[in-house]
Amino acid sequence: MKLRKVIISGGGTGGHIFPALSIADELRRKHPNVDILFVGAIGRMEMEKIPQAGYKIEGLNIAGLHRSLSLKNLSFPIKLVSSLLKAGKILDRFKPDVVIGVGGYASGPLLFMAQKKSIPTLIQEQNSFPGITNKLLAKRVNTICVAYEKLDNFFPKEKIVFTGNPVRANILNADHKREEALQHFGLDSGKPVLLCVGGSLGARSINQAVLAGYQKIIDAGYQLIWQTGKLFYSQNELDLKQLPKEIVVQPFIREMDLAYAAADLVVSRAGALAITELCIVGKPAILVPSPYVSEDHQTKNAQALVSKHAAVMVSEADASTMLIEESIKLLNNAGKRAELSGKIREIARPLATEAIVNEIEKLVMA
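In this text, residue positions in the sequence shown follow the working numbering: the first is 1145, and each later residue adds one.
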């Protein structure tokens, strides 16, 4: 059977969107004529990022339940029912051979309706602790692609395939781009570079620590590439535009392959995508897990690396007092950075995207 039509559903953050795009790109590489449709949540960042990448997307009017008592929860049942109905109509019209869920609000209604219509389904779980949507879908899904061990505590063991997380193709070749990267960012090849990123939406604790301590980084003889996120950048634009030339600050870095290539040390959130990319590029890292995500899964992601001596972790609460000092300490210690780099590379699975597409093909060819 030929792979003709595929729906990929989910989003909300870059941690869901960029793996989804990686899967789509690999599907298109192997099957040039495949028709791929994305389904996301109206108002979420996938509605902007997916079309920018050249793919079609339709939106469902769905949102998550608020954990605290909120009037917004009163509209959840209405949104859920309307999203289920629209998801059914999309499936009937598009007639996909397979439906892939990457996590996020929209993947729930879409995959649930696909399962009801006996369309093969696959979910890709990026984290060491699954989200609610994927846990609910797991009982009826055909295949579950995972990136961490011991997920049979949450998913049916017989459905799990350990593939790793997909990454953008250009990340795989970042090793060989250092000279190009330094030139791109206008940095001095004689000074080590610290890269600070807080995920696609930015991280306030990292941003505040860097804003308060960037002069220490400069005084120590280092350079900085800093992704702030749109909100923090707009709130502090005047101050950020007056920073020294050793600091490159952007609300969002599109050329992450070059940012990694330039970096000697990375400060990052501990989302699954960020960790996967750090493993692929083999960069020593200080991880600052967000405590605000479901089930505190970023802390679990970070601890999985720390337990293997593959990264350093600084808590959200300690970021303001420890993050800059820890960064300078590691930048001063080339031996420790080399050790972290070696350990984190051992965890990398550079063929993850191919492995996931192989599982998709198995479902269609079965």
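Each residue gets a CB set at the ideal place from its N, CA and C atoms; glycine is no exception.
No experiment lies behind these values; they were computed from the predicted model shown.
Check your understanding: Does the Cβ-Cβ distance between L1171 and K1200 come in under 7 Å?
Key -> Result no, Cβ atoms of L1171 and K1200 do not sit closer than 7 Å.
**Study point:** Complete runs of the alpha helix (DSSP H) confined to the segment 1415–1502 [at least 4 residues]
**Key:** As far as the segment 1415–1502 is concerned, its whole alpha helix (DSSP H) runs of at least 4 residues are 1416–1425, 1441–1450, 1463–1475 and 1478–1491.
Check your understanding: What is the C-beta distance between G1346 and T1372, in whole angstroms, given that I count them as a contact (C-beta under 8 Å)?
Key -> Right, the Cβ-Cβ distance comes to about 5 Å (below 8 Å), so this counts as a contact.
Check your understanding: Since S1412 is in the beta strand (DSSP E), which residue starts that stretch and which ends it?
Key -> For S1412, the uninterrupted beta strand (DSSP E) run begins and ends at L1409 to S1412, by DSSP.
Check your understanding: Excluding sequence positions up to five away, which residues of its chain have a Cβ less than 7 Å from the Cβ of F1238?
Key -> If the five residues before and after F1238 are omitted, its C-beta is found closer than 7 Å to the C-beta atoms of K1149, I1151 and L1181, all from its own chain and listed in chain order.
Check your understanding: Does DSSP put A1318 in a helix, a strand or coil?
Key -> A1318 carries a helical assignment under DSSP once its states are collapsed to helix, strand and coil.
Exercise for review: Can you give me the start and stop residues for the alpha helix (DSSP H) that Q1371 sits inside?
Suggested key: Segment Q1367 to Q1371 is the beta strand (DSSP E) holding Q1371; no alpha helix (DSSP H) there.
Exercise for review: Could you tell me which uninterrupted alpha helix (DSSP H) segments, each at least 4 residues in length, are contained entirely in the segment 1253–1312, listed from first to last along the chain?
Suggested key: Runs found: 1276–1281.
Review point. Alpha carbon to alpha carbon, what distance is there between S1378 and S1333?
Key: The straight-line gap separating the alpha-carbon atoms of S1333 and S1378 is approximately 30 Å.
Review point. Apart from the five residues on each side of it in sequence, which residues of its chain come closer than 6 Å, Cβ to Cβ, to A1418?
Key: Counting only Cβ-Cβ distances below 6 Å, and skipping sequence neighbours, we find S1412.
Exercise for review: Say whether the segment 1311–1324 touches the segment 1400–1409, bearing in mind that this needs 3 or more beta-carbon pairs closer than 8 Å, one atom from each stretch.
Suggested key: At 8 Å Cβ cutoff, the stretches touch.
Exercise for review: Can you check DSSP and say which residues form a bridge with Q1386?
Suggested key: By DSSP's assignment, Q1386 forms no beta bridge with any residue.
Check your understanding: Taking the DSSP output, what are the residues bridged to D1179?
Key -> Paired residue(s): K1149.
Review point. Span of the alpha helix (DSSP H) holding I1361?
Key: That run of the alpha helix (DSSP H) goes R1348 to D1363.
Practice item. Report the residue from S1166, M1257, D1241 and A1250 whose alpha carbon sits nearest the alpha carbon of G1232. Key: Nearest neighbour of G1232 by Cα position, chosen from S1166, M1257, D1241 and A1250, turns out to be M1257.
Review point. If you draw a straight line from the C-alpha of G1275 to the C-alpha of G1248, how long is it?
Key: Going by the C-alpha atoms only, they are around 8 Å apart.
Review point. Which class does V1337 belong to by DSSP, given the choice of helix, strand or coil?
Key: Looking at V1337 - three-state DSSP - the assignment turns out to be strand.
Exercise for review: Go to L1165, then tell me how far its alpha helix (DSSP H) extends in each direction, as first and last residue.
Suggested key: L1165 -> alpha helix (DSSP H) spans G1158 to K1174.
Exercise for review: Taking I1388 and I1424 to be in contact with their CB atoms under 8 Å, please state how far apart those CB atoms are, rounded to whole angstroms.
Suggested key: According to the sequence provided, residue 1388 is Pro. The question's Ile does not apply to it. Incorrect: roughly 31 Å between the Cβ atoms, too far for contact.
Review point. In angstroms, rounded to a whole number, what distance separates the CA positions of S1459 and L1339?
Key: About 18 Å.
Check your understanding: Where does I1186 sit, in a helix, a strand or coil, going by DSSP?
Key -> Three-state DSSP puts I1186 in coil, outside helix and strand.
Review point. Does the beta-carbon of T1465 have 16 or more other beta-carbons within 10 angstroms, so that it is buried, or is it exposed?
Key: T1465 should be labelled exposed.
Check your understanding: Going by beta carbon distance, what residues of the same chain come within less than 6 Å of T1497, once the five residues before and after it are set aside?
Key -> Here the set comprises S1166, E1170 and P1310.
Exercise for review: Would you mind working out which of L1316, L1409 and K1374 sits nearest V1393, comparing C-alpha positions?
Suggested key: Check the Cα spacing between V1393 and each of L1316, L1409 and K1374: the tightest is with K1374.
Check your understanding: Under three-state DSSP, which class holds L1204?
Key -> Of the three classes helix, strand and coil, the one that applies to L1204 here is strand, per DSSP.
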